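Read in numbering that gives the first Met the number 0, the sequence shown has 33 at position 34, and its numbers run on one by one without any break. For reference, the structure is listed below as structure tokens.
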Amino acid sequence: MMSETIYGLKCDFEQQQGHFMTIFRDAPTPIQSNELAKIQVNMLNANSIEHVLPIEVQEIDFNVTFYYDISSKKMLSHHVRESSLTMAELYDLLYEIGSVIKSSKEYMLNEQQFVLHEDFIFVKNDIKQLYLAYIPLKVMDQKPDLHQEFRELFFRLVGYVKELSGDGVQQLTSYFNGSNFQLEDLLRKLESLRKNASRQPVTSPSVLTPAEPGRKRIDYAKPTVKSTNEQQPNIQSDPAPKSAPKTKNTVKKKEPINQVEEEEVTEEPIERKAPSPIIVGCLALLGVAIIWRLYMSFPSEGIFYICIGSSIAIVAACYYFLMVYPKATKKVKKQKKVEKPKKSKMNKQFKKENKVTPEQEINSRQVDNVDNAPVKPRQPEVNSANYFQNLNHETTLLSQQDSTVALDDSLQGAEALAYLDVDRNGNVETIPINSESFIIGRQKDGVNYVEDSVGISRSHVEIINNGTSFIVKDLGSKNGSKFNEESMVAYKTYPLKDGDQIRIAKITYTFYKG
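In structure tokens:
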């Protein structure tokens with residue numbers, strides 16, 4: 000069994016007349032009773048504080064362990080992964096967290112002792128029914144202050160937002176990067192953003208956008224095909240054709256049979272005006288400056304690599320808008336030579352008697368040779384080489400359930416991947432584990448492998464590659480999971496080795512490191 004760490008303390012999970020999260024410190028320096036904030040412990044034991052996890056303090060042989068009742072609750076990190084946040088939900092979530100911390104002062108709790116991490120915040124049904132964990136210790140040396148912890152939580156939660164809109168994220172980023180942090184000021188700002196988000200109308204994206212590959216803008220004011228075979232007016236049933244208006248353009252000179260005429264079929268291009276290089280350059284410099292300003296504020300190895308990647312993405316975006324974007328839709332189809340047969344009087348009489356429209360007309364050569372059918376508008380041909388080259392300049396997010404598909408054959412076999420084997424009625428299916436976090440569940444969005452058997456939760460189990468080993472944990476599934484035929488405790492991590500079996504519902508997976 001394995002346990003997580005937070006602020007130098009250990010965290011584990013137990014299933015014993017309920018579901019509990021435990022926080023403790025290993026020997027040789029376990030938590031001692033004299034480290035406890037006695038007043039806070041008494042307040043937590045004597046009162047049921049709203050939106051604060053119930054806690055029980057147990058002391059055995061002078062070793063103190065905190066037990067938090069998380070029965071019927073789900074980790075916030077898994078909740079937002081299953082159902083992504085909207086901007087309004089992000090503001091609501093941050094506001095609820097701040098409100099819980101503020102109201103806790105009535106019970107003489109210290110705002111610095113709350114754990115602001117999505118793995119230690121739990122929800123019951125939705126984000127408005129959240130519960131925070133409170134650690135009643137006098138001192139926690141490794142714990143960041145409330146300002147820094149709130150800021151880091153905000154940046155992580157932004158990654159779960161489905162679509163960023165408005166300037167709320169920029170406002171909160173500027174506020175958290177400032178030095179004048181006050182919880183009351185933050186709540187006022189969040190309350191204002193919540194009101195604005197509730198008044199903002201929901202707008203649907205346009206049906207056709209120039210950036211969408213494989214789609215064509217249709218201009219109904221202009222025809223998309225230029226042809227010399229102009230459509231004739233429909234033949235009326237009135238036997239007196241003299242009443243029909245005459246047009247000069249309908250009379251054509253007779254042409255000999257098999258005369259070859261070049262007919263150019265073009266696709267109406269979508270006009271795109273290239274953005275100004277000066278504007279693009281200034282925006283790129285501003286973006287790079289903001290990114291590295293973030294690194295100066297939070298110098299760490301992880302932020303450093305993120306800043307490098309973001310800078311490369313900005314340079315790639317500049318190249319796309321200056322070089323690729325203006326040329327993306329200049330597509331002209333090749334000229335095609337078609338033979339124009341001579342129209343005989345017999346053909347004209349036949350069409351008149353049977354009321355044949357120009358669209359229904361078929362000449363004798365078309366019957367003999369299908370390849371010379373009348374020219375019709377065709378869909379743009381896909382050039383696979385150019386298509387995948389253009390993908391380098393797009394920021395398309397692949398859905399997680401498709402991440403098990405190899406995109407490049409050259410990457411296969413470069414490194415042995417861990418995998419799962421599952422026997423389905425005698426047919427063994429191999430499932431590669433090709434991501435650091437590999438989730439199995441019945442929900443199509445938010446999981447890496449969809450298992451739609453009876454009894455499977457939306458997000459059932461998660462296999463984590465921590466770089467040196469693999470671990471597995473149940474994600475609070477309704478029907479539970481088994482590890483080597485032993486019931487798994489929800490959120491408790493179990494180390495994986497070759498041949499270990501994970502059973503969810505009636506499906507058994509066998510793990511191999513590859």
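Quick reminder that beta carbons are idealized off the backbone N, C-alpha and C, glycines included. Model, not experiment: these values are computed from the prediction.
1) Thinking just about the alpha-carbon of each residue, which of 105, 77, 129 is nearest to the one in residue 96?
2) Determine the DSSP secondary structure at residue 429, reduced to helix, strand or coil.
3) Is residue 192 closer than 8 Å to residue 131 when the C-beta atoms are compared?
4) Whole angstroms are fine: how far does the CA of residue 316 sit from the CA of residue 492?
5) First and last residue of the beta strand (DSSP E) that includes residue 461?
6) Give, in chain order, every unbroken run of the alpha helix (DSSP H) that is at least 4 residues long and sits entirely within the segment 116-168.
7) Cβ atoms of residue 149 and residue 74: under 8 Å apart, would you say?
8) What are the start and end residues of the beta strand (DSSP E) that includes residue 441?
9) Starting from residue 276, follow the beta strand (DSSP E) in both directions and report where the run begins and ends.
10) So, at 7 Å on beta carbons, what are the nonlocal neighbours of residue 275 in its own chain, with the 5 sequence-adjacent residues on each side left out?
11) Kindly list the residues whose CB is nearer than 8 Å to the CB of residue 107, restricted to its own chain and excluding five residues on each side of it in sequence; keep chain order.
12) Whole angstroms are fine: how far does the CA of residue 421 sit from the CA of residue 427?
13) Three-state secondary structure (DSSP) at residue 26?
14) In chain order, which beta strand (DSSP E) runs of at least 3 residues are fully inside the segment 26-61?
15) How close, in whole Å, do the beta carbons of residue 19 and residue 67 come, if the pair is a contact with beta carbons under 8 Å?
16) I need the DSSP call for residue 194, collapsed to helix, strand or coil.
17) If distances are taken between C-alpha atoms only, which option among 173, 285, 147, 55 comes closest to residue 115?
18) What is the rounded straight-line gap between the Cα of residue 435 and the Cα of residue 14?
19) Please tell me whether residue 460 and residue 474 are closer than 8 Å, where the distance is taken between their beta carbons.
20) Can residue 194 and residue 174 be called in contact, C-beta distance under 8 Å?
21) Identify, in the order they occur along the chain, each residue of the same chain with its Cβ nearer than 6 Å to the Cβ of residue 84, setting aside the five sequence neighbours on each side.
22) Measure from the alpha carbon of residue 479 to the alpha carbon of each residue in 430, 310, 504, 48, then state which is nearest.
23) Under 7 Å Cβ to Cβ from residue 81, same chain only, skipping five residues before and after it: list those, please.
24) By alpha-carbon positions, which one of 45, 165, 32 ends up nearest to residue 90?
25) By DSSP's criteria, residue 89 is part of a beta bridge. Which residues make up the other side?
26) Could you pull the DSSP bridge partners for residue 423 from this structure?
27) List the DSSP bridge partners of residue 509.
28) What is the rounded straight-line gap between the Cα of residue 521 and the Cα of residue 167?
29) For residue 113, which residues does DSSP report across the bridge?
30) Can you pull the DSSP bridge partners for residue 3?
31) Measure how close the beta-carbons of residue 34 and residue 171 come, nearest whole angstrom, since I'm counting them as under 8 Å.
In terms of the structure at hand:
1) 129
2) strand
3) no
4) 41 Å
5) 460-464
6) 145-157
7) no
8) Run containing residue 441: none; DSSP gives neither H nor E here.
9) From DSSP, residue 276 is part of no beta strand (DSSP E) but of the alpha helix (DSSP H) over 276-296.
10) none
11) 38, 39, 42
12) 6 Å
13) coil
14) 54-59
15) 6 Å
16) helix
17) 147
18) 27 Å
19) yes
20) no
21) 159, 160
22) 504
23) 442, 445, 457, 458
24) 165
25) Answer is none; residue 89 lacks a bridge partner.
26) 426
27) 420, 500
28) With the chain running from 0 to 513 in the structure shown, residue 521 is simply not present.
29) 133
30) 10
31) 35 Å between Cβ atoms; not a contact.
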